[in-house]
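Read the structure below first, then the notes.
4 protein chains.
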Amino acid sequence: MQKMKSKFDAFRQKINVIIYGTNTVYGRLFDLVLLCVILLSVIIVMLETVKSFDAKYHSELIILEWIITIFFTLEYVLRIISLKKPWQYIFSFYGIIDLIATLPMYFSLFFAGTSILTVVRALRLLRLFKILKHPQFSSQSIHLKEALLASRGKILIFIYFMLISSIIIGSVMYVVEGPAGGFTSIPISIYWTIVTLTTVGYGDISPITPLGQSIASAVMIMGYGIIAVPTGIVSAEFANSHRKKLKAEKINPCATCGTDGHEFHAKYCFHCGTEL
Amino acid sequence: MQKMKSKFDAFRQKINVIIYGTNTVYGRLFDLVLLCVILLSVIIVMLETVKSFDAKYHSELIILEWIITIFFTLEYVLRIISLKKPWQYIFSFYGIIDLIATLPMYFSLFFAGTSILTVVRALRLLRLFKILKHPQFSSQSIHLKEALLASRGKILIFIYFMLISSIIIGSVMYVVEGPAGGFTSIPISIYWTIVTLTTVGYGDISPITPLGQSIASAVMIMGYGIIAVPTGIVSAEFANSHRKKLKAEKINPCATCGTDGHEFHAKYCFHCGTEL
Amino acid sequence: MQKMKSKFDAFRQKINVIIYGTNTVYGRLFDLVLLCVILLSVIIVMLETVKSFDAKYHSELIILEWIITIFFTLEYVLRIISLKKPWQYIFSFYGIIDLIATLPMYFSLFFAGTSILTVVRALRLLRLFKILKHPQFSSQSIHLKEALLASRGKILIFIYFMLISSIIIGSVMYVVEGPAGGFTSIPISIYWTIVTLTTVGYGDISPITPLGQSIASAVMIMGYGIIAVPTGIVSAEFANSHRKKLKAEKINPCATCGTDGHEFHAKYCFHCGTEL
Amino acid sequence: MQKMKSKFDAFRQKINVIIYGTNTVYGRLFDLVLLCVILLSVIIVMLETVKSFDAKYHSELIILEWIITIFFTLEYVLRIISLKKPWQYIFSFYGIIDLIATLPMYFSLFFAGTSILTVVRALRLLRLFKILKHPQFSSQSIHLKEALLASRGKILIFIYFMLISSIIIGSVMYVVEGPAGGFTSIPISIYWTIVTLTTVGYGDISPITPLGQSIASAVMIMGYGIIAVPTGIVSAEFANSHRKKLKAEKINPCATCGTDGHEFHAKYCFHCGTEL
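Residue numbers (the numbering used here), protein chains in the order written: chain A, 469 to 744; chain B, 469 to 744; chain C, 469 to 744; chain D, 469 to 744.
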């Protein structure tokens, strides 16, 4: 009994290294295979929604989808087995995603599949964000993340300002334009304001009265101008984190006079001439 | 009589703390309730303009609106009562907004309500900008405001340049395209130019002659390129205010005279000449 | 005779001060009147092209336009008289603009007015760019101009790159999409590419084949991404000119040890401690 | 025989200088002629696809195209002859482009020309990118290239993030909107998401349900906001390369060991310790 448990432990260890490790050959191979299967599964979900394609290859898509579902089920079970504290994985963000994305196919055995169930499988895609934690990209993505986090406060205020402005401008446009130009209600007018402020400009709704077009022009110029605000915030933050990095690399103080700010390649203190 | 006045003063004091204070529990609760009621009132205004919704729940919306109007009337009266110099509030920006946003419902008792009266109530939303003065956000929003104020001059020149360019390009497009492509008058052509320059691009009016399309292409590239100008201005201003803040943090004060702001490599105080 | 000439000289002097001066009361008043008349004349040109308005007020517009034309004719003559070397003005950029913008009305006496002649009068608007040379705005507009001039080379290369890319992508889309989606010729496809790359997106032409939509998606992401390039160039240039200005303000070298970079308010050299 | 070979070598030398040189008069003239012929050939390809123009001038276009094809054939042969190691050119990027762009006309003798063959000739345009290596532009374009290369990693992560987000948002919109609003399949929904995220906004597909419009609004604000990310990255990189250049210019070399790059306030060489 003891022996069997130790054997199982060894097996669990092995699987753990393959599934969670990124340093061994098998670990990397597993990551690569997983990546391909995820992409394949998402492509299948997409193709199923293309009527003309689904009509021709319906059965092939279903078979492929079942193979993939079994693969993910197996992976899910192995992930749980290979951990000492499986609950940590099961109730983690990715654990829940994995479960939710795998279940729909089994449901479809019992219920007529709705389109929502089909699409839920596309959530698997979220797992691809994990790649950004891979050592190769992590330094870059951490840099990105830090700059965005640092400018979070200002960007939230900016979005808050934009939303309130959109509601006010939308209300005004509803009064000015009225239903003739497509501004049938305030929510629709707010939708139009956001479409215009962000310079997307679908053209499904557009003002037709001279006054409405004048206000619209002002909104466009405003939208065109205030894009400078988030951009400026993030730019300054990036430049700032750059500078911080440069500064952090330059401390390196002199033992004699205490002057710091020496470059890495400096051999003598630039202030007192002592060897560093 | 004296006693009654002092009692009233105490009452006024209490209300003042609740309405204007942000440090007491009741003050914060009042702010929160106010925020919710404002949002609710704006949502009601929006829903009233959605025909299908209004048809079903017209009486419920009216009742809710009356409850909210009475709440705001009470708040308005209490604000006036709680101040020693009520005129300062009544003629302040927010005082006038509060009054204008509350009156429409009372007017609707005597006159058949027009859509303008309905929408005026959405002005209450302007009060939400007050939140940006809240201590939690104020440092961020002051930073934003300063950078925008510092670049105000350049941005005004930029908008002036864009407006004149729009009129000239609009006039040229009116001659080149004519009514066939929708360019029925110069004001409409100017509207099209702004729609294009700001990269909004509704598509309700678009050039159809080869020459018109060539000019339009040039306008688009121009619009795509000159967005760099406001962005560059604001970015530089943000970076600048960042640098100023960093400088202010490099205190490094002099022990003799207390002047701070010495650079790291400084050996003598630039103010009194003592060795640092 | 001599006396008459000297009298004329004094008159010329007076007019010169009013027309070209910006420091006297009359000079400023003249500038302001001129600004208003230019704006009025441009508004009239605009309104003449609005059919519904022109039908009602045609004669009033013509009368106003003649008053303005006589005003500008007088101004043109006075400008020439008030200068010692009138040719310098007549053949200057603004001199030619003034003449071209004034002539159309006189032509319309002899020929049936065409729309081109009408619109040529809008060229008067170019004179409004002169305002940017006004002392109040000049420091800001010089700053803008310098930063744009400094980034001119890079922006030209960027536009060159964008144009060639547009032609190549346009040619590819012509082959891929064909006339069904509106891509009837390569020039039209290039027009579409520019509309898409600059994120304007009219929607008058849009791809309908899956391959075309995939390429379009790539073009959009490219256009969305490379807007960073001109913005980055101009931002860096603005930040740079900022830094230069800051540096120029800080030279101020020490007489004893030669160290520079002292702030304006520094009283002692931060390096050797001598009084500055 | 020997003499003939040496004569051929001299001829080859001469051609080589003309074709590949950029310093002699003939070399520059050749570059200019080549530039004009390439532009002319591309304009002809364009005009051939404009039905109305091609109908009128079909034979003239064909004749011009044959003249240009013979010119490019001759150029191709001379380029090969003038090199000692012709294979280096033949299998280089531009060598293959030159060949592919010249062949279609010869094919059209034997086969009925398809539109693909016509357009392949537009590939000649790629040769225009060579101009950016010209000394006059190279310093600027190298600067651009370096800043873009330095931000490559972050921009790839950004595009990766955008693509996955597009797929997820597209799937959600497919479920929410359905075929009524034009969201007929997930790939089409993804196409719509990219059109919206990049603020292009054709309007060929646009949401019609309130929920869909709400999600669309969120996507627009997201797209409007995250454009700050690539812009911020590139801006910071440009500012950084600016700073590097400024540093490189602050030579201030050491008299003893010749090391440069000392800061202005340095008193001793950081490399050999001698007083500066």
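All C-beta atoms, glycine included, are put in the ideal place defined by N, C-alpha and C.
Start and end residues, alpha helix (DSSP H) containing residue i
i: F540 of chain A; result: 519 to 549
i: K473 of chain A; result: 470 to 488
i: P675 of chain A; result: Looking at the DSSP string, P675 of chain A is not in any alpha helix (DSSP H), and its letter there is neither H nor E.
i: T570 of chain D; result: 561 to 578
Supposed contact pair residue j and residue i - C-beta distance, whole angstroms, cut 8 Å
i: T666 of chain A; j: G638 of chain A; result: With a Cβ gap of about 13 Å, T666 of chain A and G638 of chain A do not count as contacting.
i: V702 of chain D; j: V697 of chain C; result: 6 Å
i: I536 of chain C; j: L503 of chain C; result: Actually they do not touch by this definition, with Cβ atoms about 13 Å apart.
i: V640 of chain B; j: I689 of chain B; result: Actually they are not in contact, since the Cβ atoms of V640 of chain B and I689 of chain B sit about 16 Å apart, beyond 8 Å.
i: Y692 of chain C; j: I695 of chain D; result: 6 Å
i: Y642 of chain A; j: V587 of chain B; result: 6 Å
i: D672 of chain A; j: S674 of chain D; result: 5 Å
i: V513 of chain C; j: F539 of chain C; result: Actually they do not touch by this definition, with Cβ atoms about 15 Å apart.
i: G649 of chain B; j: G680 of chain B; result: 6 Å
i: T541 of chain D; j: T517 of chain D; result: That belief does not hold up - the Cβ atoms of T541 of chain D and T517 of chain D are roughly 23 Å apart, past 8 Å.
Buried or exposed (CB count within 10 angstroms, at least 16 for buried), residue i
i: N491 of chain C; result: exposed
i: K552 of chain C; result: exposed
i: L591 of chain D; result: buried
i: I676 of chain D; result: exposed
i: R547 of chain D; result: buried
i: D477 of chain D; result: exposed
i: F479 of chain A; result: exposed
i: F578 of chain C; result: exposed
i: K622 of chain A; result: buried
i: I719 of chain D; result: With a pLDDT of only 48 at I719 of chain D, under the threshold of 50, the placement of this residue in the model should not be trusted, and no figure is reported.
i: Q608 of chain A; result: buried
i: P572 of chain D; result: buried
i: I635 of chain A; result: buried
i: E705 of chain A; result: buried
i: K482 of chain A; result: exposed
i: S633 of chain B; result: buried
i: S474 of chain C; result: exposed
i: Q470 of chain B; result: exposed
i: V510 of chain A; result: buried
i: A686 of chain B; result: exposed
i: F626 of chain D; result: buried
i: H589 of chain A; result: Note that residue 589 of chain A corresponds to Arg in the displayed sequence, not to His. So R589 of chain A ends up on the buried side.
i: V493 of chain C; result: exposed
For residue i, the three-state DSSP class (helix, strand or coil)
i: V644 of chain D; result: helix
i: F498 of chain C; result: helix
i: T699 of chain C; result: helix
i: V668 of chain B; result: coil
i: N708 of chain A; result: helix
i: I719 of chain B; result: Caution is warranted here: a pLDDT of 48 is assigned to I719 of chain B, below 50, making its placement in the model unreliable, and the coordinate value is therefore given only provisionally. If DSSP states are grouped into helix, strand and coil, I719 of chain B belongs with coil.
Residue i beta carbon near the ligand COA (any heavy atom closer than 7 Å)
i: S527 of chain C; result: No copy of the ligand COA occurs in the structure displayed, which carries no ligand at all.
Which runs of the alpha helix (DSSP H) spanning at least 4 residues fall entirely within the stretch 586 to 664 of chain D, listed in chain order? The alpha helix (DSSP H) runs of length 4 or more contained entirely in the stretch 586 to 664 of chain D are, from start to end of the chain, 603 to 618, 620 to 645.
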